[in-house]
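Novice: Going by this note's numbering, the sequence shown wraps up at 733, each residue one higher than the last.
Here you go, one structure.
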Amino acid sequence: MSKDKRVLGKVGMALLLVFFYAPILFMIIFSFNSSKSLTHFTGFSLRWYEAMLKNHGMMESLYVTIVIALLATIISTIIGTITAIGLSKSKKVLRAFISQVNDFPIMNPEIVTAIGLMLLFITFQIEKGFVTLLLAHIAFCIPYVILSIMPKIKSLDPNLADAAMDLGATPWQALVKVIVPQIMPGIVSGALIAFTMSFDDFVISYFVTGQGVKNLSIMVYTMSKRINPSVNAISTLVVLLITITLTIVNVLPMIRKKASPSKQNKPWKWAVAGVVVVGLVASLFGLNKSASTLPYAGQTLHLYNWGEYTGENIISGFEELTGAKVIMDNFDSNEQMYIKVANGDAYDVLVPSDYMIQRMMQEDMLQKLEPETRKECLSELMEAIKGLPYDPKNEYSIPYFWGTVGIVYDKTKVSEEDLENEGWNIFLDQKYKGDIYLYDSERDSFMMALKALGYSMNTTSADELNAAFNWLVQCVQTMDPEIVTDEIIDNMAQARKALGLIYSGDAAYVMSENENMGFYMPTSGTNLWSDAMVIPKNAKNPKLANEFIRYITSYDAAMDNSSYVGYTSPNKEVTEELGGEGGDYDGINAYTPRSGYDKDEVFQYDEATRKIIADLWSRVKVAASNAH
């Protein structure tokens, strides 16, 4: 019986190891994948490591992560050690009070701590960036250090320091030569926990940083919004650095012990050496470029863009061309971008969507483009993307990407006849129950419902909006859809479901990965959307911002942008080349949006309607949850 238990124990341990390490192995393998797919290995390639090394923002985030972790660890360990020793000599009431205060941040939800620190920095008008990120990390690391050291201090003889001083030691010597060596295991444990917590933190970091300063967690979060296998590459690099550190910590002390058995082994020194080596390796990636004689040398452009919405060489290309440094922050929604800009955060270039540009123009939050910029950029654009209703004269904006919303479908499961007969109503066809994706976007989901009912997607009629709400509720309650965001891209490329609501640029990628995928735009009309570059009123460097807008619209940059991201470029020559014969998207109808169709519309901004749709969409998602 005991033998059976041992066998079961070994099997359980093996399964546990597989559970923990198989995803890491999977990630490492796919970091060498030749295609963008995160689930289908198509061949060995180092392209994502090359892309990672070229992406200075990604490497800088690794550098920032390690530097912040090292500094936070050192400072929090010193403060925590001194505090713990001081508490051991304090009165019982004070010691109990401080212990409770110390435990509170550990028990507190991270989001509460993050918001509290953010409000603190805002209240004292401390500009968010590297310093605020470091202060926040020191603050949440100190309690873990104190918690690790206190048990070691409690185990010491309370008269140890007095005995040392009776033997002639000064108070400082008693501290560093007697007390500290005795509690060193606790100090090392606290330091390692602090380093791990700092290296791994996302929630607090996300709220307290700014000015383009990102740690690795924030960078990976923004990259995960769209398919980017460079995430696998940089994660593999982190695994490699950790492996090097563990090797130094565990192997070198053994070698040293064999070479000099008479000397006492102190593994904590090797741990420090390992961490320092990793820091030095990371610092190689963070070295600043030498000063340039280019026209904008020494200047900085602050760009606020969607995550994973720039080509591989866009940022580095502009920096090499101008000598300026580009700091790019990413947002998840137009509303998030609006709130930050409305609260005074200064950016030089924004890339909002059409309806948000209209709102910002109405609220006098944007400045006009330079006439030369407008003239030069408009000469590059396709006619279909010029003078859209939100900015009829393109005085404030130049398109960045554009496209439509349609239906991506598996040709082996969905017939074109069904699509043509039903249009958007195919999402109510019981034939496809449990085999559809809805996109988690209130705007596009209501567009689909309104168009399916024959209404304008810009309606302000309460009756029509309620009818669209009922249509969506019927869909989520009877069709068992999966409501997703960008994970639809890889899922449909792998034919996980029959059909889904998708942006045309994402559909172009899906079709390029899987020849069985198609894209259909219902004849009842769809959303013709545009994301465009604008310059906010509080931009600190509008001249450089105009230069950047001209650069993005140029052929070379537009080609890099569109071929990498997959969305349609507003540059006429680029679109014709990529979508034409022999182009990257030859034969893929999703790449070139439908234009000139009278039932396709551009979203018009209306605040009252936006609030109604937001409320109704949240109720649709509740209905979806209840249906499950």
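Backbone N, C-alpha and C define an ideal beta-carbon position, used for all residues, glycine too.
Consult DSSP for residue 398 and reduce its assignment to one of helix, strand or coil.
Specialist: coil
Novice: Please report the straight-line C-alpha distance between residue 671 and residue 117, rounded to a whole angstrom.
Specialist: 45 angstroms
Novice: How is residue 182 classed by DSSP in three states: helix, strand or coil?
Specialist: helix
Novice: Can the beta-carbon of residue 417 be found closer than 8 angstroms to that of residue 704?
Specialist: no
Novice: Assuming residue 620 and residue 598 are in contact, meaning their beta carbons sit under 8 angstroms apart, how far apart are those beta carbons, in whole angstroms?
Specialist: So it is not a contact: roughly 11 angstroms between Cβ atoms.
Novice: Do the stretch 230-248 and the stretch 311-330 touch if we need at least three Cβ pairs shorter than 8 angstroms?
Specialist: yes
Novice: Should residue 437 be labelled buried (16 or more other beta-carbon atoms within 10 Å of its own) or exposed?
Specialist: exposed
Novice: Excluding five sequence neighbours on each side, which residues of the same chain lie with their C-beta closer than 7 angstroms to the C-beta of residue 688?
Specialist: Answer for residue 688: 682, listed in chain order.
Novice: Less than 8 angstroms between the beta carbons of residue 511 and residue 626, yes or no?
Specialist: yes
Novice: Within 10 angstroms of the Cβ of residue 458, are there 16 or more other Cβ atoms? Answer buried if so, exposed if not.
Specialist: buried
Novice: Excluding sequence positions up to five away, which residues of its chain have a Cβ less than 8 angstroms from the Cβ of residue 667?
Specialist: 416, 506, 673, 674, 676, 679, 680, 683
Novice: Report all residues from its chain with a CB closer than 7 angstroms to the CB of residue 258; omit the five preceding and five following residues, and keep chain order.
Specialist: Excluding positions up to five away in sequence, the list reads 189, 190, 193, 288.
Novice: If we call anything under 8 angstroms between Cβ atoms a contact, is residue 72 one with residue 312?
Specialist: Since the displayed the chain opens at 106 and closes at 733, residue 72 lies outside it and no answer follows.
Novice: Which runs of the beta strand (DSSP E) at least 3 residues long sit entirely within the stretch 136-169? Give them in chain order.
Specialist: none
Novice: When the Cα of residue 611 is compared with those of 700, 267, 333, which residue comes out closest?
Specialist: 333
Novice: Looking at the strands, I want to know which residues DSSP matches up with residue 125.
Specialist: Note: residue 125 sits in no beta bridge, so no partner.
Novice: Relative to the C-alpha of residue 309, which residue among 454, 586, 210 is closest?
Specialist: 210
Novice: So, is residue 126 buried or exposed, given that buried needs 16 or more other C-beta atoms within 10 angstroms?
Specialist: exposed
Novice: Determine the DSSP secondary structure at residue 587, reduced to helix, strand or coil.
Specialist: strand
Novice: Could you give the distance in angstroms between the alpha-carbon of residue 699 and the alpha-carbon of residue 692?
Specialist: 14 angstroms
Novice: Just the C-alpha distance for residue 725 and residue 441, rounded to the nearest angstrom, thanks.
Specialist: 22 angstroms
Novice: Taking CB distances under 8 angstroms as the criterion, tell me whether residue 278 reaches chain D.
Specialist: Judged by its chain identifiers, the structure shown contains no chain D, having just a single protein chain.
Novice: Residue 633 lies in the beta strand (DSSP E); which residues open and close that run?
Specialist: Element bounds for residue 633: 633-638.
Novice: Please report the straight-line C-alpha distance between residue 182 and residue 165, rounded to a whole angstrom.
Specialist: 25 angstroms
Novice: Distance check for residue 573 and residue 542, CA to CA, integer angstroms please.
Specialist: Rounded to the nearest whole angstrom, the CA to CA distance from residue 542 to residue 573 is 18 angstroms.
Novice: Spell out the partners DSSP gives residue 673 in its beta bridges.
Specialist: 507
Novice: As an exercise, report each continuous alpha helix (DSSP H) stretch of at least 4 residues that is fully enclosed by the stretch 270-322, in chain order.
Specialist: 276-279, 289-305, 308-313
Novice: Using C-beta distances below 7 angstroms, list every residue in its chain close to residue 251, excluding the 5 sequence neighbours before and after it, in chain order.
Specialist: So the qualifying residues of the chain are 185, 188, 189, 207.
Novice: Mind the definition here: the stretch 707-720 touches the stretch 631-643 only if three or more C-beta pairs lie below 8 angstroms; say whether that holds.
Specialist: yes
Novice: Assign residue 528 to buried or exposed, taking buried as 16 or more other Cβ atoms, counted over all protein chains shown, within 10 Å of its Cβ.
Specialist: buried
Novice: Would you say residue 274 and residue 285 are within 8 angstroms of each other, going by their C-beta atoms?
Specialist: no
Novice: Using a Cβ-Cβ cutoff of less than 6 angstroms, which residues in the same chain neighbour residue 604 once the five nearest sequence positions on both sides are dropped?
Specialist: Counting only Cβ-Cβ distances below 6 angstroms, and skipping sequence neighbours, we find 512, 514, 519, 541.
Novice: Using DSSP with H/G/I as helix, E/B as strand and the rest coil, what is residue 470?
Specialist: coil
Novice: On a CA-only basis, which of 201, 280, 296, 342 is nearest residue 247? Give me that one, please.
Specialist: 296
Novice: Mind checking who residue 405 pairs with in its DSSP beta bridge?
Specialist: 430
Novice: Alpha carbon to alpha carbon, what distance is there between residue 343 and residue 122?
Specialist: 20 angstroms
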